[in-house]
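Colleague: Got a structure for you, questions after.
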Amino acid sequence: GCLPKNEFVQFLPIVYLIYKAIRKPKFQLKFSKKFGSSQSERGNEEKVGVEEREQEKEGVRRGKEGKRKGERKKKKGEKEKGKRGARKRRRKKETRRRRGKKKHKKAQKRRGKGKKHVNEERKNPKGLLDPDFYLY
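By this note's numbering, the letter at position 101 of the sequence shown is numbered 380, and the numbering carries on one by one without gaps.
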């Protein structure tokens, strides 16, 4: 606010980059660790019923020994969950298609396809500034 407009415009990309960096989940994790109330502090605030909760957790843990949600014990001669049936086949097909697409794209690049919009890229390298960012 205190700078004249053209000065401000010079700083915009930097401001934008900082903003992007802060929005990254990794950074936010660090942030919450530094400033957010950690687990232990929360525990100290409400000591009441902590022991009960611990016991409950213990019970739950004993019940679900080594089983994740949605799993059941495998019977003899049965495949594991991810390895049986249609879903696996479908997933395989998808990855195949994706791989093919990638290879195809690479081949096209080798042949020099898709170099028609070079100037567009030069104006805005790596898409750093989204178009709507410049509507001050």
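Virtual Cβ for every residue (Gly too), placed ideally from N, Cα, C.
This one's a predicted model, so the numbers in the text were calculated from it and none came from an experiment.
1. Is Lys385 near the ligand HEM - that is, is its Cβ less than 8 Å away from at least one heavy atom of it?
2. Is the Cβ-Cβ distance between Glu357 and Arg363 less than 9 Å?
3. Can you tell me which of the three DSSP states Lys372 falls into?
4. Under a three-way DSSP split, which group does Arg363 fall into?
5. Between Lys352 and Glu359, how many whole angstroms is the CB-CB distance? I'm expecting something under 8 Å.
Modeller: Reading off the structure:
1. The ligand HEM is not part of the structure shown, which contains no ligands of any sort.
2. By one-based count along the sequence shown, residue 357 stands at place 78. By one-based count along the sequence shown, residue 363 stands at place 84. Against a cut-off of 9 Å, the Cβ pair of Arg363 and Glu357 comes out as a contact.
3. Here residue 372 is taken as the residue at index 93 of the sequence shown, counted from 1. Correct three-state label for Lys372: helix.
4. In the sequence shown, residue 363 corresponds to position 84, counting from 1. Here Arg363 sits in coil by DSSP.
5. On the sequence shown, residue 352 is found 73 positions in, with the first residue counted as 1. On the sequence shown, residue 359 is found 80 positions in, with the first residue counted as 1. With 8 Å as the limit, Lys352 and Glu359 do not qualify as a contact, their Cβ atoms being about 11 Å apart.
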